[in-house]
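Going by the working numbering, the first residue of the sequence shown is number 360, and it counts up by one from there.
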Amino acid sequence: MISATDVEAELDKQEGTRREQSLVHNIALLALSLVVFAGTGFLNRTWDAVVIIVVVLFVHESGHWLGMRFFGYRDVQMFFIPFFGAAVTGKDSNISGGRKAIVALLGPCPGILFGLVSLIVYIKWKQPVFLAYGSASLFINGFNLLPFFPLDGGRFLETVLFSRHPKVELVFRVIAGLALAWVAWQDNSVVLGIVAFFTLVLVRENYQNGKIVGFLKDKFKEIPLASTGRMPNECIEACLPQLSSGIPAARRNAKTIAARTSAVWKRFCQEPAHLWSSVVLIVVYFGLWLAVFAAIVVYSRTNQHVVIEHRAGADGHTVTVEEIYQGKHKVFEAPLSETGYFNGLSTTWRTTGTKRREGAWVNGFSDGDWKFYDAKGNLESIITFDSGRAVKYRILKNGDLIEVDPAQWPSAIKHVAPKFPAGYNK
């Protein structure tokens, strides 16, 4: 039988091993993880794309890092996670909910700001590197604002709105986890699937921790926050049965119970954000979303323009062709029928000049084999269309085209069924 004394001894042991890491150690961790992250990124991206993603992630996590340092987090560390991204961790005992919410927003905020500035510079001077950085920064930071736990948007909304009541928080986490799982399934994303799985797995434990916090607040009306930053002995004794419940018998020991005790105490010490602070922070949150959408609209209207050309065809007849440019870079070309619908071989390029996709239109509907290329311009997949509807999907693996079962198609392919033909001003 594990007693409160055993748990306290384990807490003492854990506290003794938690020494503040040196600056050299933190820099070494950042550098090593960065090298590994960049190395794995080269597997499917060009070196310049990897550099841009690293810079975007570094700016994002630097915002979190600076916020944590400013608000007194201890042992703050930044590191990159291959295939996932990057993260900043720190010990946050006795940090208010309002400050945690600010830390959550300090990641996307500078990233969106720098992304906007980069797009403005690109519109002014037409340098592709600014377009690439601005687009990546807005996409990554905008994605992080989505209300999915554990993204920044999910953590922010949980802190300012849902963490006040365990049942409301439970519903939010379940919905967010299921939504993220659905996105992962639709896009065949293993990474998002893993995140969604752990989000749902931890829902029950997080709910139970919230109930324990409520029990402590009811039983002990005024609990002094221990100077050691850990739960007092009388509280451990009172809620030891609840702390032990939910932990599988094979893992139920002083170490696991102590870890849960620390999590519960940290949550107990966190004061919810005040009403007006929450209102202001929510306004900032939606303001960041507005900035992302505004940047997309302004960029698309100021940078993209359409050119209609009349060329001599191989048979001597005049062919009308629509061209779309982003800045000075042609990104799309397709012949037009007499009625203005796309009709003939079409090609789409990236602003870097590499081919994105090519295929044929027939009276405004994609038809036949369409080839899709990766960022380096290498063939990646082929989709066969019949009057706009995908009927076959093949991917290139080890030099061979492998047909994919329709049940495994990404949603972007599975649900393509245009009702109207596409064309100029259609």
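Every residue, glycine too, gets a C-beta built ideally from N, C-alpha and C.
- Just so you know, the alpha carbons of residue 600 and residue 571 end up roughly 10 Å apart.
- Sequence-distant partners of residue 690 (beyond 5 residues in either direction) whose C-beta falls short of 6 Å from its own C-beta, in its chain, are 683 and 708.
- For residue 564, the enclosing alpha helix (DSSP H) starts and ends at 562-578.
- For residue 684, no alpha helix (DSSP H) run applies; the uninterrupted beta strand (DSSP E) run containing it begins and ends at 677-685, by DSSP.
- By the CB criterion at 7 Å, residue 615 and residue 366 fall outside the cutoff.
- With 16 or more other CB atoms across the displayed protein chains lying within 10 angstroms of its CB, residue 715 is buried.
- In the DSSP assignment, residue 476 falls within the alpha helix (DSSP H) that extends over 467-484.
- If you draw a straight line from the Cα of residue 751 to the Cα of residue 764, it is about 9 Å long.
- In its own chain, leaving out the 5 sequence neighbours on each side, no residue places its CB closer than 7 Å to the CB of residue 560.
- One alpha carbon belongs to residue 659, the other to residue 602, and they sit about 54 Å apart.
- Contact check for residue 700 against residue 769 fails: the beta carbons are separated by 7 Å or more.
- For residue 518, the enclosing alpha helix (DSSP H) begins and ends at 511-519.
- Shown here, residue 364 sits in a helix according to DSSP, grouped into three states.
- A check of alpha carbon separations from residue 426 across 410, 463, 439 and 413 identifies 463 as the nearest.
- A direct Cα-to-Cα measurement between residue 577 and residue 473 gives close to 46 Å.
- Between the stretch 468-484 and the stretch 526-534, the count of C-beta pairs closer than 8 Å stays below three; the two stretches do not touch.
- Spatial neighbours of residue 604 in its own chain (CB-CB distance under 8 Å, excluding positions within 5 residues in sequence) are listed in chain order as 567.
- Boundaries of the beta strand (DSSP E) around residue 754: 748-756.
- Inside the stretch 597-682, DSSP marks whole alpha helix (DSSP H) runs of 4 or more residues at positions 613-628 and 634-662, from first to last along the chain.
- Secondary structure of residue 457 (DSSP, three-state): helix.
- In terms of CA proximity to residue 667, 681 leads the group 654, 681, 706 and 674.
- For residue 445, same chain residues with a beta-carbon under 6 Å away, outside a window of 5 residues either side, are 416, 420 and 439 in chain order.
- A contact between stretches requires three or more CB pairs, one per stretch, nearer than 8 Å, and the stretch 496-503 fails this requirement with the stretch 540-548.
- In this structure, residue 518 lies away from residue 466, with their beta-carbon atoms at least 7 Å apart.
- When DSSP reads this structure, residue 445 sits in a beta bridge with 439.
- Boundaries cannot be given for residue 508, as no beta strand (DSSP E) includes it and DSSP labels it neither H nor E.
- Residue burial annotation: residue 424 is buried, with at least 16 other C-beta atoms found within 10 angstroms of its C-beta.
- Cβ-Cβ distances below 7 Å link residue 673 to nothing in the same chain once the five nearest sequence neighbours on each side are left out.
- Counting every other CB atom within 10 Å of its CB across the protein chains shown gives residue 624 a total of 16 or more, marking it as buried.
- In this structure, the beta-carbon distance from residue 640 to residue 495 does not fall below 7 Å.
- Excluding five sequence positions before and after residue 513, the CB atoms of its chain that fall closer than 6 Å to its own CB belong to 506, 507 and 535, given in chain order.
- Secondary structure at residue 696: coil, using DSSP grouped into helix, strand and coil.
- Counting along the chain, residue 720 sits inside the beta strand (DSSP E) bounded by residues 714-721.
- According to the DSSP assignment, residue 406 belongs to no beta strand (DSSP E) but to the alpha helix (DSSP H) extending over 406-429.
- Within a 10 Å sphere around the beta-carbon of residue 458 sit 16 or more other beta-carbons, which makes this residue buried.
- Check the Cα spacing between residue 487 and each of 540, 740, 437 and 411: the tightest is with 411.
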